[in-house]
Amino acid sequence: DFRIEKDKCAMYRFLKRNGLPTPPIFGQWSDKSKFLSALHTGSVFTNTTRWPVFIKFCHLTQGSAYSTRAIPSLKYIRDSWAEIKEFVDEKWAMRADDLTRPWRADSNTLTDDVLPGALVQGPADQTYSPVLKKQVAMELKVEVLWGRAYLASVLSGTDSFRGTDSLLYRRKDG
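Once you know that position 2 of the sequence shown is 140 in the working numbering, the rest is easy, because the numbers rise by one and skip nothing.
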């Protein structure tokens, strides 16, 4: 189902249902006012033992949406509440747009059905990168075309977006 790629909330539910490891998820919301309340009161952070945590908008999966925000502490939420609320309001209203991809129109037709939502995710465990010679979080990205994975890349650390330490994997049969 396309939602696994186009809806972070659906993806994390799928991963959990199938016993695949993820950073902790402290909550998912499909109601903006309940989400803002959980942030403002701090109730979402009750089980938080490590910071930063991350606000992620489920319906915005394109990097160009800048839909993830690191939250370094509960104090940061309180000190920056107006900015956090503005961020949530803006991203909740935003719709997904695959503007940089040749399949933009088809993809946007799919994402039109994905309702706005948000989650709060804890930090990822880190592993040692021999390339960067430091501890980094690893990210797996899989490109899917017509329901089939055709390319996977393992990204680590902040340098991964410049391609300096990406590992690419391709299917043997395609």
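We put the beta carbon where it would ideally sit given N, CA and C, even for glycine.
Coil, strand or helix - residue i by DSSP
{"i": "Tyr288", "result": "strand"}
{"i": "Val313", "result": "Lying outside 139 to 312, the shown extent of the chain, residue 313 is not represented and no answer is given."}
{"i": "Leu198", "result": "coil"}
{"i": "Asp234", "result": "As written in the sequence, residue 234 is Ala, which differs from the Asp given in the question. In the structure shown, Ala234 sits in coil (DSSP, three-state: anything other than H, G, I, E or B)."}
{"i": "Thr206", "result": "strand"}
{"i": "Phe140", "result": "coil"}
{"i": "Ala262", "result": "coil"}
{"i": "Val226", "result": "helix"}
{"i": "Lys94", "result": "Given that the chain is displayed from residue 139 to residue 312, the structure contains no residue 94 and the question cannot be resolved."}
{"i": "Trp167", "result": "strand"}
{"i": "Leu293", "result": "strand"}
Residue i vs residue j beta-carbon contact at 8 Å
{"i": "Ser205", "j": "Lys229", "result": "yes"}
{"i": "Leu257", "j": "Gly201", "result": "no"}
{"i": "Ile190", "j": "Ala203", "result": "Checking the sequence, you will find Pro at residue 190 rather than Ile. No."}
{"i": "Val292", "j": "Leu270", "result": "no"}
{"i": "Leu198", "j": "Ala234", "result": "yes"}
{"i": "Arg242", "j": "Asp236", "result": "yes"}
Selected residue, minimal CA-CA separation from residue i, among the options
{"i": "Arg239", "options": "Val182, Val282, Pro161 and Ser291", "result": "Val282"}
{"i": "Arg216", "options": "Thr187, Thr247 and Ser175", "result": "Ser175"}
{"i": "Asp227", "options": "Asn156, Ser291, Ser171 and Val269", "result": "Ser171"}
{"i": "Ile144", "options": "Ala220, Pro210 and Thr249", "result": "Per the sequence shown, residue 144 should be read as Lys rather than Ile. If we check each option's Cα against that of Lys144, Thr249 comes out closest."}
{"i": "Arg188", "options": "Gly260, Thr265, Lys271 and Pro254", "result": "Gly260"}
{"i": "Leu177", "options": "Ala148, Ser211, Arg242 and Ala203", "result": "Ser211"}
{"i": "Asp244", "options": "Leu289, Phe192, Gln273 and Trp284", "result": "Trp284"}
{"i": "Phe192", "options": "Thr247, Asp169 and Phe225", "result": "Phe225"}
{"i": "Thr186", "options": "Ala262, Phe152 and Asn156", "result": "Ala262"}
Neighbourhood of residue i by C-beta distance below 7 Å, restricted to the same chain and skipping five residues each side
{"i": "Tyr150", "result": "Thr160, Ile163 and Leu257"}
Span separating the alpha-carbon of residue i from that of residue j
{"i": "Arg141", "j": "Met232", "result": "17 Å"}
{"i": "Ser298", "j": "Val280", "result": "At Ser298, the pLDDT of 42 sits below 50, so the modelled position is not reliable; the number obtained from the coordinates is stated separately. Spanning the two alpha carbons is a distance of roughly 15 Å."}
{"i": "Arg286", "j": "Ser218", "result": "42 Å"}
Any chain D beta carbon closer than 8 Å to residue i
{"i": "Lys154", "result": "Among the protein chains of the structure shown there is no chain D, as only one such chain exists."}
Same chain only: Cβ atoms within 6 Å of residue i, ignoring 5 sequence neighbours per side
{"i": "Lys146", "result": "Lys194 and Cys196"}
{"i": "Gly180", "result": "Leu212"}
{"i": "Phe183", "result": "Leu212"}
Own chain partners of residue i with C-beta closer than 8 Å, once the 5 adjacent residues on each side are dropped
{"i": "Trp167", "result": "Phe173, Ala176, Gly255, Ala256 and Leu257"}
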